[in-house]
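Line order of the protein sequences matches chains A and B.
Heads up: the first sequence begins at 231 in the working numbering, then just goes up one per residue.
Heads up: the second sequence begins at 623 in the working numbering, then just goes up one per residue.
Using N, Cα and C, we set each Cβ at its ideal position, and we do this for glycine too.
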Amino acid sequence: MPARPITGALLASELMLQFRRRRTWAMLLALAAVPVLVAIAVRVSSGPPSGRGPAFLDRVATNGLFVAIAGLTLSIPLFLPLTVGVVSGDSIAGEASQGTLRYLLIAPAGRVRVLLVKYAASVAFCLAAVFVSALAGVLIGALLFPIGPVTLLSGTEISPVAALGRLALVAAYVSVSLLGFAAIGLFISTLTDVPVGAMAAAVVLSITAQVLDSLPQLEWLHLWLFTHHWLGFIDLLRQPVSWDSFGDNALVQAGYVVVFGALAYGRFLTRDVLS
Amino acid sequence: MNTRRWQRWIPAAVIPVAVVGGALALPLQAGAAVPLPERSPQEVLTLLAESEVESFSGTVEQTSDLGLPSLPSLSGQDMGLGAGLEALTADHTARVFADGPQRLRLQVLDEMGERELVLDGAQAWTYDFRENEAVRLTLPDGATDRIESRLNELESEQTLTPSAIAERALAAIDPSTEVTTRDNVRVAGRAAYDLVLSPRTADTLVGSVSIAVDAETGMPLRAAITARGESTPAASVAFTELTLAAPADDLFTFSPPADADVTEKTLPDDSAQFEARSGEHDASHDAGHGKPTIVGTGWSAVAALPAGSVPADVSSSPLLLEATTAVTGGRALSTALFSVLLTDDGGVLAGAVPVEQLQAAAAVR
């Protein structure tokens, strides 16, 4: 029996299920609301003075494209991990709690394939979440503020079109930096039949990692944390582009994906699926 | 069933162990011996003096672990003292692009911003992204030509070969400092000799100063200062990446963003004024007292500003109170490499020595 068509069909049905859910739409809407709220808040107030307030917020009033960057910067610490944690934490545990897991596992699907498909669906959500947030930022920014040449961190001005290219790079970076966390969520999800527990554990882990990352006493640990490079997308806004953090980030995320993927595999293949 | 269950856990156990082991083993390889032809300290100094690298692009990392308290209240303060302490306590990464002796671009990569310095002949720009401020510095007409002709003059006067420069430098510092080399190192992926300067006196806080000299080009790749009795450097500046090729031309032309605040500054012409300016910072609070006096020689020298140099409002500022500790005779800032003593009568003593020596110097002053 050919393996690929089945994996493809399984993935397609999983993605359909994922993006048809009202929960997924609600989370994407909430993520899109972040840049919209930022833009409206800056629009109705006079905006923070230059050099003050959260990163890039002071640039929003003069250039709408900064809304997307400011929105992403605000979403990265909490909103993005929250939503990705919900999706990945629910992936296996949700099926188990609804009693549908054993139907999924009836041959010919196989457990490895189910695991891969579930992870692929989480990855698809990561991409969707980040790009929806960036797109909402661009649209509301264009609506409320002037769009013009964008000043990079190095003081170089680039055209709006080139700036959109940089923004796409930033969105790719942020999506990649969520992959390790999605793998952790998947592993936690294999441990339990209670989806809420898995979601909460995953989100708590992401916050713990960020707290550890902010303690200077634990500097030796920082390079190993999956959250360490989360704000490193900033290096893509320099001139010339500094690719170091993109590479470092991808390497760390790949490490987490491999390690927690293997752990999830070990757990899921040895687990007794009763429900 | 039991054995099969156990076997299925094998990849789950092996892969994390392999990944973590690999990640731990990679940095260890960096510590492996670097084979290079043997050279004496003088030969390494010659190599350093011969270095003619003028075009490169690289990433530089500055780290400091001075044992200073990290002051959370510093962040966001733009007063001079706060910025000075920030430069001392925080680590920085910068990109450097150089094309010949007159064109340079320095980018200090901050976490959510960037600070620029662009030099192109007599034109210079600084730019701060977070403040969106650009400053255009203009050197006075002919200043660069004069500097260059002065340099040429110096060169023709002395007609020193690199090896003679190395010999003289060694002779000059030999009474106070022992110059040796230690195991070759790898910096920014390049093999380098590691030159070590160790003070001959035990009175100083400095244990050694090391300079990594690129074996191929003689370019300094790393400078590090280690405190007495420590094994890891208290402060270091090192390349983490280096490319020996001329960077893109457009990096050296800067035009400020349309919405930036631009100020123009012309540097003063007279070189004597220049010298006065460099001394100005220390004595700016009291124009009448002038330059600091130096007590002692070599590594244990102490620089002293007379009583009344520091106005009371500065010495009682909360930031200063937070950074310093009370000692007999004043307040002291004590770090791994240097100490500063602010005496009760408003004098300042500083040096690469323990606080006790500053107190002793203050007593006999």
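**Report entry** Own chain partners of Val264/A with C-beta closer than 7 Å, once the 5 adjacent residues on each side are dropped
**Finding:** Sequence-distant partners of Val264/A (beyond 5 residues in either direction) whose C-beta falls short of 7 Å from its own C-beta, in its chain, are Gly301, Leu304, Ser305, Phe309, Ser363.
*Report the neighbours of Gly735/B on chain A: residues whose CB is nearer than 7 Å to its CB, in chain order.*
Within chain A, the residues near Gly735/B are Leu383.
Review point. Starting from Glu789/B and walking both ways along the beta strand (DSSP E), at which residues does that stretch end?
Key: Element bounds for Glu789/B: not the beta strand (DSSP E) but the alpha helix (DSSP H), 784-795.
Check: According to DSSP, which residues form a beta bridge with Thr313/A?
Finding: In the DSSP output, where bridge partners are listed per residue, Thr313/A has none listed.
* Asked: Counting pairs of Cβ atoms below 8 Å between the segment 325-332 of chain A and the segment 363-382 of chain A, do you hit three or more?
  -> no
| message | Just to confirm the assignment, what range does the alpha helix (DSSP H) spanning Pro265/A have? | response | 252-274
Pair every Cβ in the segment 822-838 of chain B with every Cβ in the segment 341-354 of chain A, then say whether three or more of these pairs are closer than 8 Å.
no
- Message: Can you list, in chain order, the residues of its chain with a C-beta nearer than 7 Å to that of His448/A? Leave out the 5 residues immediately preceding and following it.
- Response: It is Leu, not His, that sits at residue 448/A in the sequence shown. So the list reads Leu442, once near-sequence residues are dropped.
* Counting Cβ pairs closer than 8 Å, one from the segment 387-395 of chain A and one from the segment 753-760 of chain B, do we hit at least three? -> no
| query | At a Cβ cut of 9 Å, what residues of the segment 853-882 of chain B count as close to chain A, listed as they run along the chain? | reply | Cβ contacts with chain A: Thr862, Glu863, Pro869, Ala870, Asp872, Leu873, Phe876, Ser877, Pro878, Pro879, Ala880, Asp881, Ala882.
Discussion item. Can you find the residues in the same chain that come closer than 6 Å, C-beta to C-beta, to Leu399/A, ignoring five residues on each side of it along the sequence?
Written reply: Leu466
Cutoff 8 Å; reference Met916/B; Cβ partners in own chain excluding five residues on either side:
The residue you asked about is not Met; residue 916/B is Ile in the sequence shown. Closer than 8 Å at Cβ, skipping near neighbours: Ala923, Val924, Ala925, Ala926.
Discussion item. Looking only at its chain, what residues have a beta carbon closer than 7 Å to the beta carbon of Ser785/B, apart from the 5 residues adjacent to it on each side?
Written reply: Thr668
**Prompt:** Taking Cβ positions only, does Thr457/A come closer than 9 Å to chain B?
**Reply:** no
Can you check which of these residues, Ile370/A, Ile418/A, Pro235/A, is closest to Ala494/A by C-alpha distance?
Ile418/A
- Name, going along the chain, the residues of the segment 289-320 of chain A whose beta-carbon falls closer than 7 Å to a beta-carbon of chain B. Within the segment 289-320 of chain A, Thr292 place their CB atoms closer than 7 Å to a CB of chain B, listed in sequence order.
task = Tell me, please, whether the CB atom of Trp921/B is closer than 9 Å to any CB atom in chain A?
result = no
**Message:** What ranges does the beta strand (DSSP E) occupy inside the segment 919-974 of chain B, keeping only unbroken runs of at least 3 residues that lie completely in it?
**Reply:** 924-927, 947-949, 952-956, 961-965, 970-973
Practice prompt. Buried or exposed for Val259/A, please, with buried defined as at least 16 other CB atoms from any protein chain shown within 10 angstroms of its CB.
Written response: A small fix is needed here, since residue 259/A is Leu in this sequence, not Val. In summary, Leu259/A is exposed, with fewer than 16 beta-carbon neighbours lying within 10 Å of its beta-carbon over all protein chains present.
- Say whether the segment 472-490 of chain A touches the segment 735-742 of chain B, bearing in mind that this needs 3 or more beta-carbon pairs closer than 8 Å, one atom from each stretch. no
Applying a beta-carbon distance threshold of less than 8 Å, which residues of chain A neighbour Arg725/B? Result: empty, since nearest Cβ-Cβ is about 16 Å, beyond 8 Å.
Who are Ala769/B's beta bridge partners in DSSP? Here the sequence assigns Ile to residue 769/B, which means Ala is not the residue at that position. In the DSSP output, where bridge partners are listed per residue, Ile769/B has none listed.
- Item | CA-to-CA distance, Pro869/B to Lys887/B, given in whole angstroms | 27 Å
What's the call for Pro855/B, buried or exposed, on a 16-neighbour Cβ count within 10 Å? buried
> Anyone know if the C-beta pair for Ser673/B and Val718/B falls short of 9 Å?
Replying inline: no
Identify every residue that forms a DSSP beta bridge with Gly735/B.
Asp732/B
Query raised in the report: Terminal residues of the continuous alpha helix (DSSP H) containing Leu369/A?
Result: 341-374
*asked:* Less than 9 Å between CB atoms is the rule here; does Val641/B satisfy it with respect to chain A?
replied: yes
For this session: Identify whether Leu247/A lies in helix, strand or coil by the three-state DSSP scheme.
Result: helix
Is the Cβ of Gly349/A closer than 9 Å to any Cβ of chain B?
In the sequence as presented, Gly is not what sits at residue 349/A; that position holds Tyr. With 9 Å as the cut-off, Tyr349/A does not count as an interface residue toward chain B.
- prompt: If we cut at 9 Å on Cβ distances, does Pro470/A have a partner in chain B?
  reply: yes
### Task
Tell me, to the nearest whole angstrom, how far the beta carbon of Pro307/A is from that of Gln440/A; I am working on the premise that it is less than 8 Å.
6 Å
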